[in-house]
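J.:
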Amino acid sequence: MTKILSGFERQLCDIQGRLFEHSLIKGLDSADFMEKFMKSKTCEFLDMPYDRLQWSGEEYIMENLLEEISILPAGEVFNKEELFWAGYVYRYWHLFTGESGLKIYAQAKARRMKECYPGFHALDIAMAIEDLKEIHCQESAF
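Per the working numbering, the sequence shown starts with residue 228, numbered consecutively.
#1: Could you give the first and the last residue of the continuous alpha helix (DSSP H) run that contains Trp312?
#2: How many whole angstroms separate the CB atoms of Phe347 and Asp358, which I take to be in contact at a CB cut-off of 8 Å?
#3: Got a sec? Which residues, its chain only, sit under 7 Å from Gly314 by beta carbon, not counting five neighbours each side?
#4: Going by C-alpha distance, which of Tyr319, Gln238 and Glu308 is nearest Gly284?
#5: Between Lys253, Leu322 and Asn306, which lies nearest to Gln281 when the distance is taken from Cα to Cα?
#6: Which residues bound the alpha helix (DSSP H) around Lys336?
#7: By the DSSP assignment, the alpha helix (DSSP H) with Leu255 in it spans what residues?
#8: May I ask which residues mark the beginning and end of the alpha helix (DSSP H) holding Met289?
#9: Across which residues does DSSP place Pro276 in a beta bridge pair?
#10: Let me check understanding here. Comparing Cα to Cα, which of Asp274, Thr269, His363 and Lys341 lies closest to Glu309?
#11: For the putative contact between Phe260 and Ile288, defined by C-beta atoms under 8 Å, what is the C-beta separation to the nearest angstrom?
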């Protein structure tokens, strides 16, 4: 798979990365936030080819999300870099493969993203996605 994301698409990835970082400011449990976001209607809107929400900024998107669902207050909190990377990768993954947030999350849950961050954050994003998909396939085989 060789798709190069446009500048516009990379900006969407950056917005979602900042949204995930914003969960720290809101004092939310990181794993609960990531799961509920990836399964939310808000994420579905962001998965659309174009929706006004995509350009609303992380604070407005967070408020929209919190009106839709409730998220646990901070229990386990990931660090800022882990959260940004996970948010960025999830959006890049959607744009790269066309898979929905729901399908992506089924392959790479919050804990997997946290576990893989130390080794994967320095990889090309497309390579990290391929490796995450491979890990999921290997685990599914058992």
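Backbone N, C-alpha and C fix where the C-beta goes; we use that ideal spot for every residue, glycine too.
T.: The answer reads as follows:
#1: Lys307 to Thr324
#2: 6 Å
#3: Gln243, Gly244, Leu246 and Phe247
#4: Gln238
#5: Leu322
#6: It is not in any alpha helix (DSSP H) - Lys336 carries neither H nor E in the DSSP assignment.
#7: Where Leu255 is concerned, there is no enclosing alpha helix (DSSP H), given that its DSSP letter is neither H nor E.
#8: Glu285 to Glu295
#9: The partner list for Pro276 (beta bridge, DSSP) is empty, contrary to what the question assumes.
#10: Lys341
#11: Not quite, the Cβ-Cβ distance comes to about 12 Å (not below 8 Å), so this is no contact.
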